[in-house]
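Data block below; observations after.
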Amino acid sequence: MAVIICGTGSYIPPCSMDNNDIAKLVETSDEWIRERTGVVRRHVIREETTVSMAARAGRRALEQAGIEAGEVDLILVSTISSNVILPCAACEVQRELGAVNATCFDLNAACTGFLLGYNTAAAYLESGVYNTALVIGSESLSNLTNWSDRTTCILFGDGAGAAVMQKGGGRHYLPVTHSNGAKGGALTLKSRHDQSVLTGERDPEELLGPEYFMQMDGQAVFKFAVRSVPQAVEEVLEANQVKKEEISCYILHQANRRIVEAVAKRLEEPLEKFPMNLQEYGNTSSASIPILLDELVQQGKVKRGAKIVLAGFGAGLSWGASILDWA
Ligand code: ACO
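Our numbering puts the first residue of the sequence shown at 1, with every later residue one more than the last.
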């Protein structure tokens, strides 16, 4: 038994900031950012929230799939930047969509989150627990960004992407996933609820410290990504006895153009098989893979029968790859 994606959707906030806008906040330049990252522009929330973007992306995916909200059995939202802790973002999405029959929960695996959400939904569908799943990656990273830190604020953006999944008649593929908590210090963000409220007064200024925004050892993350992503792709191909020539495209987490280029080179695959949209959206963490997938679908670039590799990597550290056949 296999799974298929039967609809995709995305939501990008209309408000955008180009590199020159960032250069007004920190000492940087359009040229530096383009050259080191490939990012030209990123979109940021104004009225939107992580939940509202997730709901819009989810609604579009259901419309594209031609599936009613009431048919959805599972809603899974991957996010590190939800505007709500309770109820979970997935329950909020359920309420907005009227998906009254769905079981809902959130998942936090940073930029690997959509991939792990896809794998989790696939396992439920394949085992017969659920028939229809809505998996969403939604992020408001602009709320978690230290806008005075030029090493990180140039990278990130906001948005949401979604996929509707069902059981299908095609092939079952084993995913490959890894985590390495020992190296987690490379990319961190402290919760503002990190102290007991019983232990006394807290200076509100403390919550504006850099540890309460994303902090990253950029070079460590870069080295990790260019080594581990090609390895995961090789592993997933090997595990499923699929040859690189059979793969139509590799949809990688959109972190940095140089990372994508390095992965293509290590895999000895043409860069044309690695679509990118990070120039327009920056790194949207768990939303980047479904946003890119949806764009490719809307542009008619994903053909029926195409074999696609999804590959995610990020904080944790965590990384992995999965293969799917486009139905
Ligand atoms: N503008 C201008 N100069 C800058 C900027 C900036 N925005 N940021 C850093 N610099 C300077 C540094 O201070 C340094 O100056 P120095 O040589 O005088 O000390 C110089 O540029 C080079 O800095 P590096 O850190 O070596 O720059 P690098 O080429 O490594 O690029 C970058 C930095 C873009 C962050 C890179 O390391 C990278 O992309 N890493 C991966 C980041 C990533 O993708 N993270 C997300 C993955 S996981 C997830 O998605 C959550």
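Cβ atoms here follow ideal geometry from the backbone N, Cα and C, with glycine treated the same way.
Between the Cα of residue i and those of the options, spot the shortest distance and give me the residue it belongs to.
i    : options                : result
V40  : D203, S322, E280, E295 : E280
L189 : T199, G168, T152, L198 : T152
L115 : H253, G181, R258, T284 : H253
G312 : I45, A255, G282        : A255
V84  : N143, N119, T37        : N143
V176 : D21, N283, A239        : A239
G161 : S196, C111, C88        : C111
L296 : W326, L317, E268       : W326
V135 : L86, G170, V3          : V3
E23  : T199, E96, I154, A57   : The sequence given here has Ala at residue 23, not Glu. Checking every option, the nearest Cα to that of A23 belongs to I154.
V129 : V233, G316, L74        : L74
Would you kindly work out how many angstroms separate the C-alpha atoms of residue i and residue j, rounded to a whole number?
i    : j    : result
G159 : I12  : 5 Å
H178 : S322 : 12 Å
H43  : S140 : 10 Å
Y250 : N101 : 34 Å
E272 : E235 : 22 Å
T50  : G137 : 9 Å
R60  : M165 : 14 Å
P76  : G185 : One point to set straight first is that residue 76 is Leu, not Pro, in the sequence displayed. Distance between the alpha carbons of L76 and G185: 27 Å.
S191 : E205 : 15 Å
R258 : G38  : 7 Å
S288 : V242 : 25 Å
E33  : N277 : With the sequence shown as reference, residue 33 is identified as Ile, and Glu is not the correct amino acid for it. About 15 Å.
V72  : S148 : 42 Å
V226 : M216 : 16 Å
G157 : S52  : 16 Å
M340 : N146 : Since the displayed the chain opens at 1 and closes at 327, residue 340 lies outside it and no answer follows.
Q219 : E268 : 23 Å
E246 : H172 : 16 Å
S29  : S16  : 17 Å
L324 : A121 : 13 Å
A133 : A54  : 14 Å
S285 : V93  : 19 Å
R95  : F105 : 13 Å
Tell me, please, which residues DSSP counts as bridged to residue i.
i    : result
S215 : According to the sequence as given, residue 215 is Gln; it is not Ser. Its beta-bridge partners are T188.
H43  : S16
V260 : Note: V260 sits in no beta bridge, so no partner.
L74  : T103, A133
M276 : In DSSP, M276 forms no bridge with anything.
S318 : S179, G314
G9   : A162
I247 : K307
I4   : Q166
N283 : F156
Complete runs of the beta strand (DSSP E) confined to the region 89-139 [at least 3 residues] = 103-107
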